[in-house]
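The next block holds one structure in the form of structure tokens; read it before the comments.
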Amino acid sequence: MDNEVKAVFLDAGGVLFDTFFKSDERISHLMTGRGFSQSKIDMAVIKANKYKQAFFDNHHWISNWNEEEQFWRNYYGIVAQELGDAELTNELLFFTHFAAHIKATIVQMQRARNPYGAALCG
1 MDNEVKAVFL DAGGVLFDTF FKSDERISHL MTGRGFSQSK IDMAVIKANK YKQAFFDNHH
61 WISNWNEEEQ FWRNYYGIVA QELGDAELTN ELLFFTHFAA HIKATIVQMQ RARNPYGAAL
121 CG
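Per the working numbering, the sequence shown runs over residues 1 to 122.
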């Protein structure tokens, strides 16, 4: 058995990637493009944010992707329901989670590449 370490993957959550638009802007961007009024979107997001606040106030923890997916599916389901189209839930879930590498992460990974052979995957 070869005991040599070939690779190490580090994921600290929210460190390697960042979103282009923040929080409610993602929903607003997508839904105004679909023709919904900004005031209606704002009201839907307020209701969804109340769900989010209550979720974490009750000391719920998200510890894996299934729990995270369910949380966001519920969150976006509230937005979709408030906009009058529950079918939007999956669209919101899919299209509002776009992200990019944080520039400082790329620089640090490039520095690590030379002495350690590190690679940045995305």
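We put the beta carbon where it would ideally sit given N, CA and C, even for glycine.
W72 is a Cβ neighbour of L93, given a cutoff of 7 Å.
For H29, the enclosing alpha helix (DSSP H) starts and ends at 23 to 33.
Within the same chain, and ignoring the five residues on either side of N74 in sequence, the residues whose Cβ sits closer than 7 Å to its Cβ are Y51.
Under a 10 Å Cβ-count criterion, I46 is classified as exposed, with fewer than 16 other Cβ atoms of the shown protein chains found around its own Cβ. For L83, the three-state secondary structure derived from DSSP is coil. Here A54 is not near V79, since their CB atoms are 7 Å or more apart. Annotation: F36 to L83 spans about 8 Å, alpha carbon to alpha carbon. Spanning the alpha carbons of N58 and R111 requires a straight line of approximately 42 Å. Its chain contains Y75, I78, V79 as the residues whose beta carbon lies nearer than 7 Å to that of A48, once the 5 sequence neighbours on both sides are disregarded; these appear in chain order.
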